[in-house]
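Numbering (the working numbering), first residue to last: 2 to 140.
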């Protein structure tokens, strides 16, 4: 249907434009998304990351290992339960995230400036609602 096709196409075009604007970015889509999620909390469990990102545990582990090798995240055992591993973004990870997100923010600003303010407000309201719904679906 048209709605899903437009959402997919918009996502693809947005990613392509961002990659053109910042071709040397050291993080790709899934790794960037994990850094974003980690930046929103001081630390998260690997299982929670998998749920929030909508990926399976092996893929989560692979992403964490890759980011850890590059010094962008750290792992530590939970003080209350040594079986649990907590993942945190490092200062370097936060810097890489800021640098990678800057072109995305600029592109979003340019796109939104082409729309009337009322349309932008409506779009943001709808996006928030969809994000909340999709987050709840993942629980």
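C-beta: ideal position from N, C-alpha, C; glycine also.
What you are looking at is a predicted structure, and each value in this text was computed from that prediction instead of being measured.
Alpha-carbon to alpha-carbon, residue j and residue i
i, j, result
"residue 102", "residue 37", "9 Å"
"residue 84", "residue 30", "29 Å"
"residue 10", "residue 16", "10 Å"
"residue 89", "residue 97", "14 Å"
"residue 126", "residue 137", "17 Å"
"residue 47", "residue 71", "18 Å"
"residue 91", "residue 78", "16 Å"
"residue 65", "residue 74", "7 Å"
"residue 133", "residue 124", "14 Å"
"residue 130", "residue 122", "12 Å"
Buried versus exposed call for residue i [16 or more other C-beta atoms within 10 Å across all chains shown]
i, result
"residue 106", "exposed"
"residue 45", "buried"
"residue 58", "exposed"
Residue interval of the beta strand (DSSP E) (run including residue i)
i, result
"residue 43", "Looking at the DSSP string, residue 43 is not in any beta strand (DSSP E), and its letter there is neither H nor E."
"residue 56", "That residue, residue 56, is in no beta strand (DSSP E); it is neither H nor E in DSSP."
"residue 89", "86-90"
Nearest candidate by alpha-carbon position, reference residue i, set the options
i, options, result
"residue 53", "129, 34, 62 and 67", "34"
"residue 42", "5, 121 and 95", "95"
"residue 23", "99, 115, 12 and 128", "99"
Element boundaries [alpha helix (DSSP H), containing residue i]
i, result
"residue 13", "3-22"
"residue 141", "Nothing can be reported for residue 141: it is not among the residues displayed for the chain, which extend from 2 to 140."
"residue 83", "That residue, residue 83, is in no alpha helix (DSSP H); it is neither H nor E in DSSP."
"residue 124", "118-138"
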